[in-house]
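Chemist: Numbering of the sequence shown is given in this note's numbering, commencing with residue 933 and proceeding in unit increments.
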Amino acid sequence: MNQFRVKKRPTGAAVTLGRLGHPDIVTATGGALTVVTAASEPGFNPLDLLYSSLAACLALSARIAASRMGVLDRFEKVTVHVSGEKAEEEPSRIVRFDIRIAIEGGFDGPTRDAIAHAAEDICTVSNTLRGDAEFILSIAG
């Protein structure tokens, strides 16, 4: 049976934005991405990144859940779609996340449900969004 082990890796991101242009993100692991700002521009805007982070985390967590449940050999694919509703009033925020998980493989309904719910419990991003993470702001000149 395959088991996934969680390996710690550097985390974090830095964004640079000049007077003109787009925000450029560089992660602690060397990933790079330019954030788009116009509605018609292809690419990721900040909300896309939030939704993508949740979707990717849930997908990875579903595979981990299947492994922990001993059914990874029947796991074929998971597809997670995340969208949401933005608050109409201030402060600007997402008030609801709509999550659709499709798990393919040789599973009955209860096993598929168990994998999806376990994924939600495992996912660092969903746990953080539901929680009370502390924000510590330091200001540099």
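Think of the CB as a built atom: it goes at the ideal place given N, C-alpha and C, for glycine as much as any other residue.
Tell me whether E1066, by its Cβ, gets closer than 8 Å to a heavy atom of the ligand FAD.
Modeler: With respect to the ligand FAD, the structure shown offers nothing to examine, as it has no ligands at all.
Chemist: Could you check what DSSP says for E1036 in three-state terms: helix, strand or coil?
Modeler: The count along the sequence shown starts at 1 and reaches residue 1036 at position 104. Three-state result, E1036: strand.
Chemist: Given T1056, which residues of its chain have a CB within under 7 Å of its CB, disregarding the five upstream and five downstream residues?
Modeler: In the sequence shown, counting from the first residue as 1, residue 1056 sits at position 124. Answer for T1056: C989, listed in chain order.
Chemist: From what residue to what residue does the alpha helix (DSSP H) around L982 run?
Modeler: The residue given as residue 982 occupies position 50 in the sequence shown. Taken as a continuous stretch (DSSP letters only), the alpha helix (DSSP H) holding L982 covers 978 to 1000.
Chemist: Excluding five sequence neighbours on each side, which residues of the same chain lie with their C-beta closer than 7 Å to the C-beta of G1037?
Modeler: One-based indexing of the sequence shown puts residue 1037 at position 105. Counting only Cβ-Cβ distances below 7 Å, and skipping sequence neighbours, we find R1006, F1007, E1008.
Chemist: Considering only their Cβ atoms, is the gap separating G944 from A960 smaller than 9 Å?
Modeler: As a working note, residue 960 is residue 28 in the sequence shown. As a working note, residue 944 is residue 12 in the sequence shown. In this structure, G944 lies closer than 9 Å to A960 by Cβ.
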